[in-house]
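Protein chains in written order, with our numbering: chain A, 1 to 397; chain B, 398 to 794. Idealized CB from N, CA, C, for every residue including glycine.
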């Protein structure tokens, strides 16, 4: 679980005035000393932010040198001016580290529909360029620079030995809210010093995202800014990975993304529970995920967990409107390991004990078993609390 | 807007111990003195309650005499025993009013997954049969007998003159929560003394529901019990309506259902705002409704209204993930009549004034204009408050 900056990368996170609190970094700079392969996976929202438009255009690439990320302003719904601002952010970042203009990518998160305060950005980029480093403190500052309502920074890493080289993969993400299906809303940057070609990098990132960031949500609202980038600069000296080495790298990437993904609902806005929903016995993985996602999106299921109420009726009825055909008489349900429901009817269970197990654990485990096949899927979400409402009714940075 | 019991019907609402509060009716009996045409529209949830199974089997019909409805227990997810209980409820109600067993329909709402306390039901049916009446007080008690977390009873009526007869249409509904698309979750009974044949009644009810109860939600959770029944007993002496008379009746039914539907989110659990979402300029009505529904389902849009925040970014971005293709550069948005957004970019507006207009009005009007065509759709929903969370985290009657 080694979390460190991979070879050949330098990072920094600084405060430049986008957030009010002076102690909170709001601009992150990530630099690769040599041109890196960069691939991205982006929001499916028709209304996407300017940085998404820019990154989509510039990836996949084999010559990216710098990523500039900011929190406090999403640069979304800002029209032509927003696009120019994103381009200018990229230009400033490239200039600050001696790269070419089109070697830079941009990530933004925060309030939608406000123009980017470019003077602050220009100041922040300079500040960050002067503080680039590869130690733990620099990495934490970089992760914190992307945070909005996140209460903790989110970093994870893996070290693997491939071709007799020590290869590092390190990811930083931000999440917390405005998350939904089709790329759960978030920003993520994964850095590796492995050598990857563009097609392999793109395929592996897509696969890893499908099983991780696309299986989480907080409120089902798909963001305008969702982006996950993977940068591979080859500095570990392994050469381009292929065959079994590439597969092994892919497995590690999946594992890392799952860990990072789970951190997001675990820190969901106002959440008091991380809910893992496992649906088994389905005809296909898509069916299982569709049912799990529908359960995860139900405010009635979420509030039941908030209230430590083993309300299997809400869970089973949510499955029933997922749009997947199944036999209700073949359904069983377990909550935190206790069977609540079997074959379409309730079973006797110690409601007090199950309620207690919900109340005293931050993790809640819902397992729904169908009898349609052998495919399964897993989804993570949060409960819904009065605190979530308070945070989102009063949201302004 | 005459609200009275149509000719040839008798109604009652009584307390029989399903709810704790002795002052709250929890069982409703509706009796037609002569066999009535009865048609229904039901939940699309795969997991549907026993009363839905029973009513689906018995409608359409031209010989229904009695409807028994209860709150406090939904008789859902109760398996074979639940089905037997629903049948027994029907039998008890039929017996109490001298009808045949299969001339009765059943409606239940309340907690899911508990067996129906049949002794209380038996007692309640007897009590109600002894109190049947056609005055305003009986009608209000009947409407109250279906209420769960509703804070007000929901009744509306229309009187129309057709074929030189005065025809009455009166509806009662309950709603409040666990509402979603595909029949917004609710119970509804519409009574008329008009004469209708089965095909006309069924077609008119479907059309009226599509434009009313299917265009509302509170939390997007589709219930196991959603049912709207229309009973027509012909007691007004008009004979079977046809031609222009039938069309006129249908128009009145649409209008009545829209009024009843709007009452439901207006009384949504913990709601502080009724939000009307109007989407215009679409290729089809389906597109417009899909976008309106997606906006209505976003917790971020709902909480913005709760907080009186004219956050058009959340609204426009919700439209963007509705799954309907449109040009984001052709989008304009009005909130309570003020333009916030035009052609893909924000416009200058007095945020304080718009915020004030949200804060000081219970009704909020969101109008999203696309530039794809000339179809439009309208959807009603509520905001999302800490009170909603409190109600649903602690829900037990």
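Please check the pair residue i and residue j, which I expect to be a contact at CB under 8 angstroms, by giving their CB distance rounded to whole angstroms.
i: residue 567 of chain B; j: residue 554 of chain B; result: 4 angstroms
i: residue 317 of chain A; j: residue 442 of chain B; result: 6 angstroms
i: residue 751 of chain B; j: residue 732 of chain B; result: 6 angstroms
i: residue 289 of chain A; j: residue 331 of chain A; result: Contact flag wrong, Cβ pair sits at about 17 angstroms.
i: residue 458 of chain B; j: residue 415 of chain B; result: Wrong, their Cβ atoms sit about 27 angstroms apart, outside the cutoff.
i: residue 54 of chain A; j: residue 94 of chain A; result: 12 angstroms between Cβ atoms; not a contact.
i: residue 624 of chain B; j: residue 434 of chain B; result: Actually they are not in contact, since the Cβ atoms of residue 624 of chain B and residue 434 of chain B sit about 16 angstroms apart, beyond 8 angstroms.
Which residue's Cα is closest to the Cα of residue i: the options?
i: residue 298 of chain A; options: A:382, A:3, A:102, A:257; result: A:382
i: residue 531 of chain B; options: B:720, B:784, B:745, B:400; result: B:400
i: residue 224 of chain A; options: A:265, A:115, A:49; result: A:49
i: residue 12 of chain A; options: A:28, A:233, A:18; result: A:28
i: residue 196 of chain A; options: A:281, A:237, A:329; result: A:237
i: residue 139 of chain A; options: A:97, A:60, A:9, A:76; result: A:9
i: residue 107 of chain A; options: A:234, A:311, A:42; result: A:42
i: residue 201 of chain A; options: A:24, A:40, A:329, A:390; result: A:40
i: residue 420 of chain B; options: B:515, B:544, B:561; result: B:544
i: residue 463 of chain B; options: B:629, B:735, B:760, B:673; result: B:629
i: residue 740 of chain B; options: A:269, A:149, A:81, A:344; result: A:81
i: residue 68 of chain A; options: A:198, A:322, A:103, A:276; result: A:103
i: residue 571 of chain B; options: B:494, B:663, B:759, B:603; result: B:663
i: residue 132 of chain A; options: A:198, A:240, A:96; result: A:96
In this structure, how does DSSP classify residue i when only helix, strand and coil are distinguished?
i: residue 599 of chain B; result: helix
i: residue 137 of chain A; result: helix
i: residue 84 of chain A; result: helix
i: residue 263 of chain A; result: helix
i: residue 131 of chain A; result: coil
i: residue 679 of chain B; result: strand
i: residue 580 of chain B; result: With a pLDDT of 40 at residue 580 of chain B, under the threshold of 50, the modelled position of that residue is not reliable, and the figure given next carries that caveat. Reduced to three states, the DSSP call for residue 580 of chain B is coil.
i: residue 390 of chain A; result: helix
i: residue 778 of chain B; result: strand
i: residue 688 of chain B; result: helix
i: residue 297 of chain A; result: helix
i: residue 773 of chain B; result: strand
i: residue 17 of chain A; result: coil
i: residue 613 of chain B; result: strand
i: residue 670 of chain B; result: coil
i: residue 363 of chain A; result: strand
i: residue 648 of chain B; result: helix
i: residue 556 of chain B; result: strand
i: residue 125 of chain A; result: helix
i: residue 23 of chain A; result: coil
Could you tell me the distance, in whole angstroms, from the CA atom of residue i to the CA atom of residue j?
i: residue 15 of chain A; j: residue 120 of chain A; result: 9 angstroms
i: residue 657 of chain B; j: residue 145 of chain A; result: 50 angstroms
i: residue 407 of chain A; j: residue 377 of chain A; result: For chain A, the structure presents residues 1 to 397; residue 407 of chain A sits outside this window and is missing.
i: residue 698 of chain B; j: residue 744 of chain B; result: 19 angstroms
i: residue 519 of chain B; j: residue 393 of chain A; result: 47 angstroms
i: residue 559 of chain B; j: residue 455 of chain B; result: 29 angstroms
i: residue 155 of chain A; j: residue 747 of chain B; result: 41 angstroms
i: residue 684 of chain B; j: residue 675 of chain B; result: 12 angstroms
i: residue 5 of chain A; j: residue 142 of chain A; result: 11 angstroms
i: residue 90 of chain A; j: residue 21 of chain A; result: 25 angstroms
i: residue 252 of chain A; j: residue 167 of chain A; result: 11 angstroms
i: residue 444 of chain B; j: residue 305 of chain A; result: 21 angstroms
i: residue 769 of chain B; j: residue 130 of chain A; result: 49 angstroms
i: residue 109 of chain A; j: residue 137 of chain A; result: 22 angstroms
i: residue 786 of chain B; j: residue 113 of chain A; result: 29 angstroms
i: residue 579 of chain B; j: residue 767 of chain B; result: Note that residue 579 of chain B scores 42 on pLDDT, short of 50, meaning its location in the model is unreliable; the coordinates nonetheless yield the value given after this. For residue 579 of chain B and residue 767 of chain B, the distance between alpha carbons rounds to 24 angstroms.
i: residue 431 of chain B; j: residue 489 of chain B; result: 18 angstroms
i: residue 429 of chain B; j: residue 514 of chain B; result: 26 angstroms
i: residue 577 of chain B; j: residue 360 of chain A; result: Below a pLDDT of 50, predicted positions are generally treated as unreliable, and residue 577 of chain B, at 44, falls in that range; the measurement from the model is reported next regardless. One C-alpha to the other measures close to 31 angstroms.
i: residue 569 of chain B; j: residue 587 of chain B; result: 6 angstroms
Just grab the DSSP bridge partners of residue i for me.
i: residue 4 of chain A; result: DSSP lists no partner for residue 4 of chain A.
i: residue 743 of chain B; result: B:738
i: residue 9 of chain A; result: A:32
i: residue 435 of chain B; result: B:458, B:628
i: residue 191 of chain A; result: A:170, A:231
i: residue 502 of chain B; result: B:464
i: residue 369 of chain A; result: A:280, A:332
i: residue 196 of chain A; result: None, per the DSSP bridge assignment.
i: residue 154 of chain A; result: A:173
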